[in-house]
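The structure appears below as structure tokens.
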Amino acid sequence: MRHLSDGTLRRMQDEPLSTTGAEKDHYQECAACREKAMAIAAEAERAGMLMAVPESGVDTQAALQRLRRDADGSKAYRRTPWNRLAAVFGSGGSRAARPAAALALATAMLVALVATGVAENFVKVFEPQQFQAVQVQPSDLKGLPDLSQFGDMKFTKAPKFTPAADAAAAQAASGLTLKAPSDASVPDRAKGTPQYLTMSQLQASFTFSAAKAQGWATANHKTLPAMPAGLDGSTLTVTAGPGIVAVYGASSDAISRGAGVANQGSSAATRVPASGTADPGAVKPGAPANADPGAGILSGTSIPTMGVVEMTTPVVSSNGASVTAIEDYLLSLPGFPADLAAQIRAIGDPSTTLPIPVPTGQQSHQVDINGAKGLFVGDSTGLGSGVVWTKDGVLYATVGTMTESEVTGVARSLH
Amino acid sequence: MEAEAVGVNVIPARSRQDAAVDDRQRTGNRLPEAFERLFVAEYPRVVAIANRVLANRHEAEEVAQEVFLSFHRHHDPEAHYAAAWLHRAAWHSALNVIRGNRRRVRREEVTAPASDEQVADPQAILEQSEERQMVREAMRRLPKKSSAVLALRYSGLSYAEVASALGVSIGQVGTLLRRAEQRLRTEVTNATP
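First to last, the protein sequences are chains S and X.
Heads up: the first sequence begins at 502 in this note's numbering, then just goes up one per residue.
Heads up: the second sequence begins at 418 in this note's numbering, then just goes up one per residue.
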């Protein structure tokens, strides 16, 4: 066995029970490691003295009372699907989950923009054929306008997440032809039988309301841009899925829990009262924190090693406003970061290119996936990366705690 | 008042409203239960983390208030990442304080020992205060990850909690900590006259 690393020796000082049997055996037999451990312990003791500060109890109740006063009247967090996705995507999410959360966030943007029960007079205004990264500061997302204040959103079909016993069952449930990665492309740490989760079709609509938007603006002392002619009352519909997620490196229990959390979220977000309207933000008090389709699965305590997503490409339709008018209006809303708006406008193709928000500091670039234009998002360490592309009306994504070469290798091997 | 005058245990509606207003003014409205639970569970540790960076209990409590207020506005108190977010924010906000208010704070540190110390030996107090100031300066100059791992670990977080706050694997924490301790010693040694 090789000598124990400095990190292992350091942790032995603080958490000796974390040491494995092999490490303990080596430590007992290796004078060099024991000598190094003594030096590390001495350094740690010195640091402990330097870092020491007078300890005394804090008055938590008094501090809480002060916070109650300070928070009085300030706007508290609201549990909307957008907020929860943004939280996973932003500083609250693990780095490994961010690329996948970016994809989920992009899908949420679609949902926020669009449609249900596509009527005859609905015209398809958006179907992603390629993807373009837009750099965002996670803090920017917190300032984004809440779309539910600018119209009425309805979910007519809640996506239902169901574990499938095997690939054949997943295909039967979704109607999709499952593509699997080659064994050679799957990293050793992700090898094994994957777990499958199917997602039923999602349908949602969003109807712009000038009166609701103005009510929000008046209450918040904001000045809104003029709503383009024809936008008031115009309805967008979005359909997405069905889909299959193949998860590598996760237990079946974890999949079942993920499906449960996601379904709780989608049912809470899509409860349709007798009147036929639903409030997507009306999540029950006490509902799980990660009650978003996608986010619930992605933000569990253990991140699976790899996931392969396959779903019918989302489509957005409109019964009135053009996609250009919609984009112009949304990007000019107060609170929408100017830099982000400029990046989205620069894409210049609102009908077929989906902007994927990428946190500053993460890498992104176009990659070729067997002739299809894909977008890679991730970091250089292999802590988290993903690729998304579409082909023949199906959206694919591979995500995981993998390096770029691994994640693109898996993507190119799907067959 | 009116209730006292008539000597009965019935408070007129107007007085009840006044009492409610007084109570709100005194304590503020209660915050969501989940948030208050989180506050009670994490406030001492958030203060401890900020205090490891600032070496100033009063400033640490100010930072803790800001951190919780920001969390209250932007995050779900039941989010799985709540504790990790608070821990990281405590360190980061405290670091911003020493980076922004270095000159003012130095004056306060040297001239005013922390109020919760037992004043016994003025010379010892002065030396301790100077050493804390050196450590505080070192925390400001250290690479961010080194500063963070020191603040988090020495405020009592486990390796798993430090890993969660920093978004790294548990296996990396020992390495980061070892490196940070070496850097801290170098910084303090170099700063010692």
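Every residue gets a Cβ at the ideal spot worked out from N, C-alpha and C, and that includes glycine.
query, result
"Does any CB atom of chain S fall closer than 9 angstroms to the CB of residue 468 of chain X?", "yes"
"In angstroms with no decimal places, state the Cα-to-Cα distance between residue 834 of chain S and residue 726 of chain S.", "7 angstroms"
"Helix, strand or coil for residue 556 of chain S, going by three-state DSSP, please let me know.", "coil"
"Since residue 903 of chain S and residue 688 of chain S are thought to touch, with beta carbons under 8 angstroms apart, how far apart are those beta carbons, to the nearest angstrom?", "6 angstroms"
"Beta-carbon of residue 517 of chain X versus every beta-carbon of chain S: anything under 9 angstroms?", "no"
"Under 7 angstroms Cβ-Cβ, which residues of chain S neighbour residue 454 of chain X?", "What residue 454 of chain X touches in chain S: nothing, since even the nearest Cβ is about 11 angstroms away."
"Need the endpoints of the beta strand (DSSP E) that residue 869 of chain S sits in, please.", "864-870"
"Compare the C-beta of residue 594 of chain X with all C-beta atoms of chain S and state if any pair is closer than 9 angstroms.", "yes"
"What is the residue span of the beta strand (DSSP E) that residue 887 of chain S lies within?", "886-892"
"So the candidates are S:896, S:916 and S:869; which of them puts its Cα closest to the Cα of residue 906 of chain S?", "S:869"
"Assuming residue 715 of chain S and residue 854 of chain S form a contact by the criterion Cβ under 8 angstroms, report the distance between their Cβ atoms to the nearest whole angstrom.", "Between residue 854 of chain S and residue 715 of chain S the Cβ distance is about 31 angstroms, and since that is not below 8 angstroms, they are no contact."
"List the residues of chain X that residue 509 of chain S touches, going by C-beta distances under 7 angstroms, in chain order.", "591"
"Using a beta-carbon distance below 9 angstroms, is residue 514 of chain X in contact with chain S?", "no"
"Could you have a look at residue 655 of chain S and say whether DSSP puts it in helix, strand or coil?", "strand"
"Do residue 647 of chain S and residue 708 of chain S have their beta-carbon atoms positioned less than 9 angstroms apart in this structure?", "no"
"In chain S, which residues lie less than 8 angstroms from residue 554 of chain X when you measure between Cβ atoms?", "In chain order: nothing, as chain S lies at least about 12 angstroms away."
"Would you please state the rounded distance, in angstroms, between the beta carbons of residue 814 of chain S and residue 699 of chain S? I believe it to be under 8 angstroms.", "Not quite, the Cβ-Cβ distance comes to about 17 angstroms (not below 8 angstroms), so this is no contact."
"Does the pairing of the stretch 649-664 of chain S with the stretch 849-868 of chain S give three or more beta-carbon distances under 8 angstroms?", "no"
"Which runs of the alpha helix (DSSP H), 4 residues or longer, sit entirely within the stretch 801-829 of chain S?", "none"
"Below 7 angstroms CB to CB, which residues in the same chain sit around residue 478 of chain X once its five sequence neighbours on both sides are set aside?", "464"
"Which residues, in chain order, does the stretch 647-672 of chain S contribute to contact with chain X at a C-beta distance below 9 angstroms?", "none"
"Is residue 551 of chain X near residue 608 of chain X, with beta carbons less than 9 angstroms apart?", "yes"
"Spell out whether any CB of chain X is found under 9 angstroms from the CB atom of residue 689 of chain S.", "no"
"Would residue 517 of chain S be called buried (16 or more neighbouring beta carbons within 10 Å of its own) or exposed?", "exposed"
"Is the stretch 449-465 of chain X touching the stretch 522-536 of chain S in the sense that three or more CB pairs, one from each, lie closer than 8 angstroms?", "no"
"Based on the DSSP output, what are the partners of residue 700 of chain S in its beta bridges?", "S:662 and S:744"
"Does any C-beta atom of chain S lie closer than 9 angstroms to the C-beta of residue 534 of chain X?", "Reliability of the predicted coordinates at residue 534 of chain X is poor, the pLDDT of 46 falling under 50, and no value is obtained from them."
"Where does residue 875 of chain S sit, in a helix, a strand or coil, going by DSSP?", "strand"
"Would you please verify whether the beta carbon of residue 712 of chain S is less than 9 angstroms from any beta carbon of chain X?", "no"
"So, does the stretch 500-517 of chain X touch the stretch 456-471 of chain X, judging by three or more C-beta pairs under 8 angstroms?", "yes"
"Cβ of residue 895 of chain S within 8 angstroms of any heavy atom in the ligand NAD?", "The ligand NAD is not part of the structure shown, which contains no ligands of any sort."
"Return no unless some Cβ of chain S is closer than 9 angstroms to the Cβ of residue 547 of chain X.", "no"
"Note down, in chain order, every chain X residue with its Cβ under 7 angstroms from the Cβ of residue 561 of chain S.", "457, 460 and 461"
"What residues of chain S sit near residue 598 of chain X, judged by a beta carbon separation below 7 angstroms?", "544, 545 and 548"
"Which value, in whole angstroms, describes the spacing of the CA atoms of residue 806 of chain S and residue 497 of chain X?", "19 angstroms"
"Please state whether DSSP places residue 727 of chain S in a helix, a strand or coil.", "coil"
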